[in-house]
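Residue numbers (this note's numbering): 17 to 612. Using N, Cα and C, we set each Cβ at its ideal position, and we do this for glycine too. A short write-up of the structure that comes next.
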Amino acid sequence: MRASLFRNGAIWHHSRMMEGQANQTHAAHYRRSGDRPFTRAERDRVTVLYGGLTERHGVLLGAAFAPLGYRSEALPTPTNADYRTGRELGNPGMCNPAYFTIGALVNRLRRLRDEAGLSPREINDSYVFITAGSCGPCRFGMYEEEFRLALRNSGFDGFRVILFQEKGGLKQSGEEDAISLNARFGERFITCLMLGDLLNDLAMRIRPYEIVPGQTERTFGKVMEIVCRALREQTMAPPTHGQRLAALIGIALCRSIPGLDRDSLRHIAHRLFDDTLVTALARGAEWIDREIEADFTRPKPLCKVTGEFWAQLTEGDGNYRLFEFLESEGAEVAAEPVMTWVNYLIDVAAQRFRHGRGGTTTQSRSGRTTSRAATWKSRAVLRLTAWLLNRDYERMRRALHGVPHPQIPQTVLRRLARPFFNTHIAGGEGHMEIGKTLYCALYRKAHLVVSVKPFGCLPSTQSDGVQPAVSAYCARQGASIPFVSIETSGDGAVHAYSRLQSAIDEARQICKQEFEDALAGAGVSLETIRAYCRKNPTFRRPLYCAGQESLFDSGPSASRVAGRAAQFVTFVGNHLSAQSGPKKPPIWHDATEAQG
Numbered sequence: 017m018r019a020s021l022f023r024n025g026a027i028w029h030h031s032r033m034m035e036g037q038a039n040q041t042h043a044a045h046y047r048r049s050g051d052r053p054f055t056r057a058e059r060d061r062v063t064v065l066y067g068g069l070t071e072r073h074g075v076l077l078g079a080a081f082a083p084l085g086y087r088s089e090a091l092p093t094p095t096n097a098d099y100r101t102g103r104e105l106g107n108p109g110m111c112n113p114a115y116f117t118i119g120a121l122v123n124r125l126r127r128l129r130d131e132a133g134l135s136p137r138e139i140n141d142s143y144v145f146i147t148a149g150s151c152g153p154c155r156f157g158m159y160e161e162e163f164r165l166a167l168r169n170s171g172f173d174g175f176r177v178i179l180f181q182e183k184g185g186l187k188q189s190g191e192e193d194a195i196s197l198n199a200r201f202g203e204r205f206i207t208c209l210m211l212g213d214l215l216n217d218l219a220m221r222i223r224p225y226e227i228v229p230g231q232t233e234r235t236f237g238k239v240m241e242i243v244c245r246a247l248r249e250q251t252m253a254p255p256t257h258g259q260r261l262a263a264l265i266g267i268a269l270c271r272s273i274p275g276l277d278r279d280s281l282r283h284i285a286h287r288l289f290d291d292t293l294v295t296a297l298a299r300g301a302e303w304i305d306r307e308i309e310a311d312f313t314r315p316k317p318l319c320k321v322t323g324e325f326w327a328q329l330t331e332g333d334g335n336y337r338l339f340e341f342l343e344s345e346g347a348e349v350a351a352e353p354v355m356t357w358v359n360y361l362i363d364v365a366a367q368r369f370r371h372g373r374g375g376t377t378t379q380s381r382s383g384r385t386t387s388r389a390a391t392w393k394s395r396a397v398l399r400l401t402a403w404l405l406n407r408d409y410e411r412m413r414r415a416l417h418g419v420p421h422p423q424i425p426q427t428v429l430r431r432l433a434r435p436f437f438n439t440h441i442a443g444g445e446g447h448m449e450i451g452k453t454l455y456c457a458l459y460r461k462a463h464l465v466v467s468v469k470p471f472g473c474l475p476s477t478q479s480d481g482v483q484p485a486v487s488a489y490c491a492r493q494g495a496s497i498p499f500v501s502i503e504t505s506g507d508g509a510v511h512a513y514s515r516l517q518s519a520i521d522e523a524r525q526i527c528k529q530e531f532e533d534a535l536a537g538a539g540v541s542l543e544t545i546r547a548y549c550r551k552n553p554t555f556r557r558p559l560y561c562a563g564q565e566s567l568f569d570s571g572p573s574a575s576r577v578a579g580r581a582a583q584f585v586t587f588v589g590n591h592l593s594a595q596s597g598p599k600k601p602p603i604w605h606d607a608t609e610a611q612g
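Pasting the structure below:
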């Protein structure tokens, strides 16, 4: 029966195809139907929806783009209900970031239709969605079509999806486009990434040691208000002499850099010397030190989270609420900042130019000279960009007393990963997963490395194949570190938690031994240190820089420790010994001193 139906269907399809060929001279190539443009005239009444980052990043982006005239709204953190919606409306076989994000968007539009009473046409006219897009060795390049398919299947055909990808220059929009990717837009976007990274990292460094449960989140709500107010009220003040000098120097270069004009240079120069956000962070740091009390004498294993970009960043069901689970098991989490990815893209571009890929190849001598000059100029611009971003990041980090982790230099990650992974392979995190594991092991930066990725993620799975060789090398160097790889989907949380608990238990034993060795080296008992901290409230301030080691040390050292409690008791022990006798050599390096 089924065979006969198939034959009949095939005959019918063949006859229809022959009729179509008879009615047209040639077959047209498939073309995706384009969306209506999002014009500048619509900016005041159309809300831009976005997602994919953490909750703090989303709030900061909304505050930063409001002064530019954009109405924006961050999608809530995706849940398992969003995942089921995405699976229902999309194609099978996609990775779960697509399902979670698509479901979050569709469910938001459904709430506008069912609760706010808006019709699909009104929603299509009043909202747009912006998302990242690119090509590569995985399914990421198909996300855009999956969004359109799900929107069409859910009754929102014609809803506009704007793709944000790496093409064009600094100004990618025409005069009538609503979203102008100019210097001011890019500067505010990058600034919000930095602020979100720093505040997320700071909260994760404090929350495991808080004495009053929940006080960290309540206090950081006030800090977010301070920073968002500064973003909304930030204005272009009259230029100082230093800003004028920087602008004059930059004008000499503006004609050689595509898309960079005098107005952009003036804005960048102002940003270099503006202290509005640094001052706001300093005020937030004072509030944190005043409102939160921490106890750093409780040893907690430090878990470094790496992996696929979205999976290692999301805070919800997309990665089984990984951060929340690790902290509930008594661990301190070190999440990867978004700026690591930005620095990686800059480093990849610089390496292309360094190895001759990116310049124009010609046969004439003058053509070769022109190509070399263009390559040198591009490399210089990339180096300057990386330096400016790191400078800004460090200014903000110092305003928070240097407690958030510094950025790991890309040169270090590339050097460590090169013997195990071709650093020219693009896609996903590239060589960074290997470099981060080696860095955490050889430099004593963590007790456990957790790599999280969607099920079937090709780039991250390729890195997992190299990890056994990395673990064997670290063991030979006397720097073994537990490593666990977690593949996420809409289910399987119980299995993932079971594997994580086994790895955390191993990391906990390493942390405990490290703490006991540090306590023995300090020469005082734990009760003495705790009694001294109770009498001296300064040692319970969460931003007190005791025991903060630098990530910019020159090389691996077996004398360092990863645990914050071990660093802290060593510092307090040395402090007590200095009052009664010679000071013991510290086993950590202060971040501020290392930077200087």
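Alpha-carbon spacing of glycine 184 relative to isoleucine 195, whole angstroms: Per-residue confidence for glycine 184 stands at a pLDDT of 42, beneath the threshold of 50, marking its modelled position as unreliable; the derived number appears in the next sentence. Their Cα atoms are separated by approximately 14 angstroms.
Nearest neighbour of arginine 388, chosen from Cys527, Phe369, Leu128 and Ile118 [CA to CA]: Distances from the alpha-carbon of arginine 388 to those of Cys527, Phe369, Leu128 and Ile118 put Phe369 closest.
Coil, strand or helix - valine 64 by DSSP: The DSSP-derived three-state label of valine 64 is strand.
C-alpha distance - tyrosine 409 paired with methionine 210, whole-angstrom precision: For tyrosine 409 and methionine 210, the distance between alpha carbons rounds to 6 angstroms.
Spatial distance of leucine 338 from glutamate 331 (CA atoms): Distance between the alpha carbons of leucine 338 and glutamate 331: 7 angstroms.
Beta-carbon spacing of glycine 174, alanine 120 below 8 angstroms: In this structure, glycine 174 lies away from alanine 120, with their beta-carbon atoms at least 8 angstroms apart.
Beta strand (DSSP E) runs wholly inside the stretch 283 to 340, at least 3 long, in chain order: DSSP runs (the beta strand (DSSP E)) wholly in the stretch 283 to 340: 318 to 323.
Pairwise C-alpha distance: proline 420 and arginine 299: Rounded to whole angstroms, arginine 299 to proline 420 spans 16 angstroms at the Cα level.
Outcome for threonine 322 when other beta-carbon atoms lying within 10 angstroms are tallied against a minimum of 16: By the Cβ neighbour-count rule, threonine 322 is buried, with 16 or more other Cβ atoms within 10 Å of its own.
Classification of glutamate 565 by the beta-carbon crowding that lies within 10 angstroms, buried from 16 upward: Legend: pLDDT at glutamate 565 = 46, less than 50; position of this residue unreliable, value from coordinates given subsequently. Result: buried.
Through-space distance from proline 498 to arginine 524, alpha-carbon basis: When rounded, the separation of the alpha-carbon atoms in arginine 524 and proline 498 is 11 angstroms.
Simplified DSSP state of isoleucine 441, which is helix, strand or coil: Isoleucine 441 carries a coil assignment under DSSP once its states are collapsed to helix, strand and coil.
Glutamate 104, DSSP secondary structure in three states: DSSP places glutamate 104 in helix when its eight states are reduced to three.
Under the three-state DSSP convention, the category tyrosine 99 falls into: Reduced to three states, the DSSP call for tyrosine 99 is helix.
For lysine 469, the first and last residue of its enclosing alpha helix (DSSP H): Annotation for lysine 469: no alpha helix (DSSP H) segment contains it, though the beta strand (DSSP E) segment containing it runs 464 to 470.
Sufficient close CB pairs (3 or more, under 8 angstroms) joining the stretch 63 to 80 to the stretch 423 to 443: Contact fails: fewer than three Cβ-Cβ distances are below 8 angstroms.
DSSP three-state assignment for arginine 127, whether helix, strand or coil: Of the three classes helix, strand and coil, the one that applies to arginine 127 here is helix, per DSSP.
Distance, phenylalanine 145 Cα to threonine 235 Cα: Inter-residue distance for threonine 235 and phenylalanine 145 is about 32 angstroms (C-alpha atoms, whole angstroms).
Beta-carbon proximity of lysine 320 to lysine 528, cut-off 8 angstroms: It is not a contact, given that the beta carbons lie outside the stated cut-off.
Coarse secondary structure for glutamate 241, derived from DSSP in three states: Helix at glutamate 241.
Spatially closest choice to arginine 166 from Pro108, Ala199 and Leu197, by CA coordinates: First, the residue type needs correcting, since residue 166 is alanine and not arginine in the sequence shown. Cα-wise, what sits closest to alanine 166 is Pro108.
With 16 other Cβ atoms within 10 Å as the buried cut-off, status of serine 570: In this predicted model, serine 570 has a pLDDT of only 39, less than 50, meaning its place in the structure is not dependable enough to derive any value.
Collapsed DSSP secondary structure at valine 144 in the structure displayed: Correct three-state label for valine 144: strand.
Exposure label - leucine 553; buried when at least 16 CB within 10 Å: Strictly speaking, residue 553 in this sequence is proline, with leucine absent from that position. Looking at its Cβ environment, which holds fewer than 16 other Cβ atoms inside 10 Å, proline 553 is exposed.
Straight-line Cα distance separating glutamate 324 from cysteine 473: It is roughly 8 angstroms from the alpha-carbon of cysteine 473 to the alpha-carbon of glutamate 324.
Delimiting residues of the alpha helix (DSSP H) encompassing glutamate 532: Per DSSP, glutamate 532 belongs to the alpha helix (DSSP H) from 509 to 538.
Identity of the residue in Ala366, Leu404 and Arg381 nearest tryptophan 392 by Cα: Per the Cα distances, Ala366.
Length of the line joining the Cα atoms of serine 596 and glutamine 483: Inter-residue distance for serine 596 and glutamine 483 is about 48 angstroms (C-alpha atoms, whole angstroms).
Distance, glutamate 58 Cα to glutamate 445 Cα: Going from the Cα of glutamate 445 to the Cα of glutamate 58 covers about 37 angstroms.
Given 8 angstroms, three or more beta-carbon pairs between the stretch 237 to 244 and the stretch 200 to 220: Judged by Cβ distances under 8 angstroms, the stretch 237 to 244 makes contact with the stretch 200 to 220, as three or more pairs qualify.
Cutoff 6 angstroms; reference alanine 594; Cβ partners in own chain excluding five residues on either side: Correct list: empty, nothing qualifies.
Beta-ladder partner(s) of phenylalanine 180, from DSSP: Ala148.
Assigned exposure category for threonine 147 - 16 Cβ within 10 Å defines buried: Its Cβ being crowded by 16 or more others within 10 Å, threonine 147 is buried.
DSSP beta-bridge partners of alanine 350: Under DSSP, alanine 350 forms a beta bridge with Lys320.
Exposure label - glutamate 161; buried when at least 16 CB within 10 Å: Glutamate 161 comes out exposed.
For valine 500, the first and last residue of its enclosing beta strand (DSSP E): Unbroken beta strand (DSSP E) run through valine 500: 499 to 504.
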